[in-house]
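Below: the structure, in structure tokens.
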Amino acid sequence: EDGLNAWLRYARISDAKSYHKRLPSVISTLNATKGLPVHTAGEELVAGISGIFGKKISVAKSVSSKDTTVTVGTVKAYAAKDAKAAKALPELIDDGFYLKVSRGNVLIIGSNERGALYGTFHYLKLLAQGNTSDFSLASNPDAPVRWVNQWDNMQDGGTHGSVERGYGGDSIFFWDGVIRSDLTRVSQYGRLLASIGLNAVIANNVNANASILTPENMDGLARIADAFRPWGVQLGVALNFAAPQLLGGLDSFDPLEPKVVNWWQGISDNLYKRIPDMAGYLVKANSEGQPGPMTYNRTLADGANMFARTLQPYGGIILFRAFVYNHQTLNQDRDWKADRANAAVNYFDGLDEKFEDNVLVQIKYGAIDFQVREPVSPLFSHLRKTGVTIELQITQEYLGQQAHLVYLAPMWKEILDFDMRVDNKTSPVKDIVSGKRFNRKLGGYAGVVNVGTNTTWLGAHTAMSNLYAYGKLAWNPSLKSEEILDEWTRLTFSSDRKVVDVLRKISMASWPAYENYSGNLGIQTLTDILLGHYGPNPASQDNNPWGQWTRADADTIGMDRTVKNGTGNAGQYPPEVAAMYENIETTPDNLLLWFHHVPYTQKLKSGKTVIQHFYDAHYEGSATAQTFVPLWKSLKGKIDKERYEHVLFRLTYQAGHSLVWRDSVNQFYFNKSGIPDQKKRVGNHPYRIEAEDFTLKGYRTYKVSPFEAASKFHAIV
Ligand code: BDP
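In the UniProt record's numbering, the protein residues as written are 18 to 734.
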């Protein structure tokens, strides 16, 4: 149990034989072509039914009426066989499926090949949970775009493919600047993605290397697309805006210059020649040092449209990122108005009507950058004509990097359910994203996933619940966090009640706990900003050009983003939401310091002061993390040893590191404000043995930087 099969283990169920009579005896795939999803579905059924029940069934060329059959195919193939029955099917949109189980006979019909495979996985997941009952279901995706963004580098120091913000090993796609020759893991990844309804992958980093477009690498990309195709997963490519110059040898990358446009058309033509079903492009422009159209005084729309037009003959789309800000400008004018949270709306202002139909603007969920709590990006309410994708981050960059268990579905649900009140009408983010709210055809989800070569994929078994939840919510954002988690647990570990209960307890408590010990009241995750975005370093928050500021001084803390006195960011929201954030009284406590600059003694709705809340929340959050260890230990014997030990190690580490978080952050604000903890805990650790009091042989103490990362500023090496 090394995690490689994640939730698709097809582990033998107890009492497997007793199910045999109720299972189909043959598989019939309609019009299956090797290398396409319906054919894959047949193979997956053979593997699943044999794994789960120990029953051997096979794909039959012809089926007799005596057989109980699982029939898989597209609506089209089904109609060719039985036009009347096909007419009676419920309405299916692209990628949707119909599934009917009736006394051993099973019908799985997809609106397309991919839908048939999705229906097959749905059926197999039920079987893996011991459910063979009769039922029928038609399931359609909430949004057409359900993509994964990998941030894989083609090379790192000239040796191998690393993954930016990846915590599960090297790239499964790239090695030494080219595409790997063995793409077995890519195919296995495609299987996982298909099983949760995800339909495309951008394999290379948004900070794109132009060399992805050499002829040799285009050939390699075609091999990646071939490895994904049986799973209905399409490939897309992240582009470097300056590639015409960097790779093409042109003297410009101005998006309005005909020679530049032609160069890109040539690239699209060459890619589609090799990959006729390529999904499209992803572009990060004019952000964090990346080149873009603004280099030539062109608009972001000019830039996006240039790519979009080259894709139109092929039906491809471009995801153009709204994550545009200039950290150099922020560096220069560190004044109250230079608010990074304003950047996206400012840059996209006036462009809504200007984009081609196959451009989707990709917006990170919050106004800044994947923090433990952010208000929804105001840009979602500004683009009415332009389709959008919401960018979620499965890899836990600011959220413990898979060394901390943080189940993210509850956070994503809050974001997706948030009502923007556009034109004073119900406007939940999920309906803006899907296209429903503004009647747009295209829209959806992009998840930064960053799996690697580690057999756990993400670096920790438990982190996979986030990937699972991402796929499930992109398909149906109305699912409950708990039901997604329980299903994942049963498939990944066991259907044992206790296992399901414990994982639910830990997981559902994990995001609130992490928020409590890493940065609460909307102050952001107080990580080290300059380095890894991992451990605590509140001091770094205000001394950086990235604009993730807290404005903490001896008496006050928080960013004033009001229109009246601050950066005006609250005013970027539709009127009802703007009014809520403008006013301290109506701003929810959990976003108080995001929108307001207040004294540490400011009273919250709970009656506590801000500073006492900080102290208490850090104690509460880390106390919750301590409970994860005994809870997990109560599962000993119910989980295979390999994964039991692996998870135990991580949870033990998290429990310890949550104390480091607690004490560093509390000590920092205690030093800054001079306001004592009413409960006299902060700065007072009688139970602790200080590093400088140790007399261990072979070790030495050293001064820690930042100083607040250890008590008395010292640690041991
Ligand atoms: C930040 C990451 C950085 C990414 C950037 C992005 O730290 O590695 O390149 O976002 O999304 O969160 O482009």
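The beta-carbon is built from N, C-alpha and C at its ideal position, and this holds for glycine as well.
This structure is a prediction, so every number in the text was calculated from the model and none was measured.
- [ ] Using DSSP bridges, identify the partner residues of Trp-164.
- [x] On the sequence shown, position 147 is the one that residue 164 refers to. Ala-217 and Ala-463, per the DSSP bridge assignment.
Task: Glu-60: CB within 7 angstroms of a non-hydrogen atom of ligand 1 - done: Taking the sequence shown and counting its residues from 1, one reaches residue 60 at position 43. Result no, Cβ not under 7 angstroms from ligand 1.
Task: C-alpha gap between Gly-20 and Gly-214, whole angstroms - done: The count along the sequence shown starts at 1 and reaches residue 20 at position 3. The count along the sequence shown starts at 1 and reaches residue 214 at position 197. Their backbone Cα atoms lie some 20 angstroms apart in a straight line.
Task: Cβ pair count under 8 angstroms reaching 3, the stretch 83-93 against the stretch 130-142 - done: At 8 angstroms Cβ cutoff, the stretches touch.
- [ ] Report the rounded CA-to-CA distance for Trp-168 versus His-702, giving the unit in angstroms.
- [x] Within the sequence shown, the letter at position 151 stands for residue 168. Within the sequence shown, the letter at position 685 stands for residue 702. So the alpha carbons of these two residues sit roughly 42 angstroms apart.
Open item on the list: When you compare the CB positions of Arg-390 and Asn-607, do they come within less than 8 angstroms of one another, or not?
Closed with: Along the sequence shown, one-based indexing puts residue 390 at 373. Along the sequence shown, one-based indexing puts residue 607 at 590. Taking a C-beta distance under 8 angstroms as the contact criterion, Arg-390 and Asn-607 qualify as a contact pair.
- [ ] Return the first residue and the last residue of the beta strand (DSSP E) that Arg-338 is part of.
- [x] Sequence index remark: in the sequence shown, residue 338 carries index 321 (1-based). Where Arg-338 is concerned, the enclosing beta strand (DSSP E) stretches over 334-338.
TODO: Please check the pair Gly-404 and Arg-338, which I expect to be a contact at CB under 8 angstroms, by giving their CB distance rounded to whole angstroms.
DONE: Position 387 of the sequence shown, counted from the first residue, corresponds to residue 404. Position 321 of the sequence shown, counted from the first residue, corresponds to residue 338. Not a contact, Cβ separation roughly 14 angstroms.
Task: Spatial neighbours of Asp-32 in its chain, beta-carbon cut-off 7 angstroms, leaving aside the 5 residues before and after - done: In the sequence shown, counting from the first residue as 1, residue 32 sits at position 15. Within the same chain, Asp-32 has no close Cβ partners at all.
Open item on the list: Within a Cβ cutoff of 7 angstroms, which residues of the same chain sit near Asn-287, ignoring the five residues on either side of it in sequence?
Closed with: Taking the sequence shown and counting its residues from 1, one reaches residue 287 at position 270. The answer, listed in chain order, is Met-235.
Task: Check: Glu-414 C-beta below 7 angstroms from any heavy atom of ligand 1 - done: By one-based count along the sequence shown, residue 414 stands at place 397. Checking the Cβ of Glu-414 against ligand 1 gives yes.
TODO: Return yes when the Cβ of Tyr-531 is within less than 8 angstroms of the Cβ of Ile-411, no when it is not.
DONE: Translated into positions along the sequence shown, residue 411 becomes position 394. Translated into positions along the sequence shown, residue 531 becomes position 514. No, the Cβ-Cβ distance between Ile-411 and Tyr-531 is not below 8 angstroms.
Task: Whole-angstrom C-beta distance between Arg-29 and Gly-68, which should lie under 8 angstroms - done: Residue numbering aside, residue 68 sits at position 51 when the sequence shown is read from its first letter. Residue numbering aside, residue 29 sits at position 12 when the sequence shown is read from its first letter. Going by Cβ atoms, the distance from Gly-68 to Arg-29 rounds to 7 angstroms, so yes, they are a contact pair.
- [ ] Would you check if the stretch 637-644 and the stretch 545-558 touch, i.e. whether three or more CB-CB distances between them fall below 8 angstroms?
- [x] Too few Cβ pairs lie closer than 8 angstroms, so no.
Task: Rounded C-alpha distance that separates Tyr-716 from Asp-710 - done: Against the sequence shown, residue 716 aligns to sequence position 699. Against the sequence shown, residue 710 aligns to sequence position 693. Approximately 12 angstroms between the Cα atoms of the pair.
Open item on the list: In this structure, how does DSSP classify Gly-715 when only helix, strand and coil are distinguished?
Closed with: Translated into positions along the sequence shown, residue 715 becomes position 698. Reduced to three states, the DSSP call for Gly-715 is coil.
TODO: Go ahead and label Tyr-95 buried or exposed: buried means 16 or more other beta carbons lie within 10 angstroms of its beta carbon, across all protein chains shown.
DONE: Start at 1 with the first residue of the sequence shown, and residue 95 comes out as number 78. Buried: at least 16 other Cβ atoms inside 10 Å.
Open item on the list: Along the chain, where does the alpha helix (DSSP H) containing Ala-596 start, and where does it finish?
Closed with: Numbered from its first residue, the sequence shown carries residue 596 at position 579. 592-599 is the extent of the alpha helix (DSSP H) around Ala-596.
Open item on the list: Beta-carbon within less than 8 angstroms of Trp-353's beta-carbon, same chain only, minus the 5 sequence neighbours each way: which residues are those?
Closed with: Reading the sequence shown from its first residue, position 336 is the one you call residue 353. Reliability of the predicted coordinates at Trp-353 is poor, the pLDDT of 48 falling under 50, and no value is obtained from them.
TODO: Would you check if the distance between the CB atom of Trp-466 and the CB atom of Leu-484 is smaller than 8 angstroms?
DONE: As a first step, residue 466 is located in the sequence shown; it is residue number 449 there, counting from the start. As a first step, residue 484 is located in the sequence shown; it is residue number 467 there, counting from the start. For clarity, residue 466 is Val in the given sequence; the question names Trp instead. Their beta carbons are under 8 angstroms apart, which means Val-466 touches Leu-484 by this criterion.
TODO: For Phe-258, verify whether its CB is less than 7 angstroms away from any heavy atom of ligand 1.
DONE: Taking the first residue of the sequence shown as position 1, residue 258 is located at position 241. No; taking the cut-off as 7 angstroms, the Cβ of Phe-258 has no heavy atom of ligand 1 nearer than that.
TODO: Tell me whether Asp-350 is buried or exposed, calling it buried when 16 or more other Cβ atoms sit within 10 Å of its Cβ.
DONE: In the sequence shown, residue 350 corresponds to position 333, counting from 1. The pLDDT assigned to Asp-350 is 48, lower than 50, so where the model puts this residue is not dependable; a value taken from the coordinates is nonetheless given after this. Around the beta carbon of Asp-350, a 10 Å sphere encloses fewer than 16 other beta carbons of the protein chains shown; the residue is thus reported as exposed.
- [ ] Could you check how far apart the C-beta atoms of Leu-621 and His-630 are, in whole angstroms? I think they sit under 8 angstroms.
- [x] Within the sequence shown, the letter at position 604 stands for residue 621. Within the sequence shown, the letter at position 613 stands for residue 630. Contact check for Leu-621 and His-630: beta-carbon distance about 6 angstroms, within the 8 angstroms limit, so the pair qualifies.
Open item on the list: Give me the residue from Ala-480, Lys-402 and Ile-407 with the minimum Cα distance to residue 5.
Closed with: Only positions 18 to 734 of the chain appear in this structure, which leaves residue 5 out of reach.
Open item on the list: Is Val-615 close to ligand 1? I mean its beta-carbon at under 7 angstroms from any heavy atom of the ligand.
Closed with: Your numbering for residue 615 matches position 598 in the sequence shown. No, Cβ of Val-615 sits at least 7 angstroms from all heavy atoms of ligand 1.
- [ ] Express the C-alpha separation of Asn-122 and Pro-41 in angstroms, rounding to a whole number.
- [x] Start at 1 with the first residue of the sequence shown, and residue 41 comes out as number 24. Start at 1 with the first residue of the sequence shown, and residue 122 comes out as number 105. For Pro-41 and Asn-122, the distance between alpha carbons rounds to 6 angstroms.
- [ ] Report yes or no: do the stretch 359-376 and the stretch 415-427 share at least 3 C-beta pairs separated by less than 8 angstroms?
- [x] The stretch 359-376 makes no contact with the stretch 415-427: fewer than 3 CB pairs, one atom from each, lie closer than 8 angstroms.
Task: Proximal residues to Leu-25 (C-beta, below 7 angstroms), its chain only, five neighbours per side dropped - done: Residue mapping note: residue 25 aligns to position 8 of the sequence shown, counting from 1. Closer than 7 angstroms at Cβ, skipping near neighbours: Arg-208, Leu-209 and Ser-212.
Open item on the list: Under 8 angstroms, Cβ to Cβ, is there at least one residue of chain D near Val-466?
Closed with: Here there is only one protein chain, and chain D is not present.
TODO: Confirm the yes/no value for this check: CB of residue 764, any heavy atom of ligand 1, distance under 7 angstroms.
DONE: The requested residue 764 is not part of the displayed model; the chain covers only 18 to 734.
Open item on the list: Please classify Val-734 as buried or exposed, where buried requires at least 16 neighbouring CB atoms within 10 angstroms.
Closed with: Position 717 of the sequence shown holds residue 734. Looking at its Cβ environment, which holds fewer than 16 other Cβ atoms inside 10 Å, Val-734 is exposed.
Open item on the list: Excluding the 5 residues flanking Lys-72 on each side, which residues of the same chain have their C-beta closer than 7 angstroms to its C-beta?
Closed with: Start at 1 with the first residue of the sequence shown, and residue 72 comes out as number 55. Counting only residues of its own chain and dropping the five nearest sequence neighbours on each side, Lys-72 has a CB closer than 7 angstroms to the CB of His-37, Leu-40 and Ile-66.
Open item on the list: Is it buried or exposed, Ser-35, if we count other Cβ atoms within 10 angstroms and call 16 or more buried?
Closed with: One-based indexing of the sequence shown puts residue 35 at position 18. Exposed.
TODO: On the DSSP bridge assignment, give the partners of Glu-408 in chain order.
DONE: Taking the first residue of the sequence shown as 1, we reach residue 408 at position 391. Partner(s): Lys-381 and Ala-463.
- [ ] From the DSSP output, in three-state form, read off Asp-436 for me.
- [x] For the purposes of this step, residue 436 is taken as residue 419 along the sequence shown, with counting starting at 1. When DSSP states are grouped into helix, strand and coil, Asp-436 belongs to the strand group.
Open item on the list: Taking the alpha helix (DSSP H) that Asn-560 belongs to, which residues open and close that run?
Closed with: As a first step, residue 560 must be located in the sequence shown, where it is residue number 543. It is not in any alpha helix (DSSP H) - Asn-560 carries neither H nor E in the DSSP assignment.
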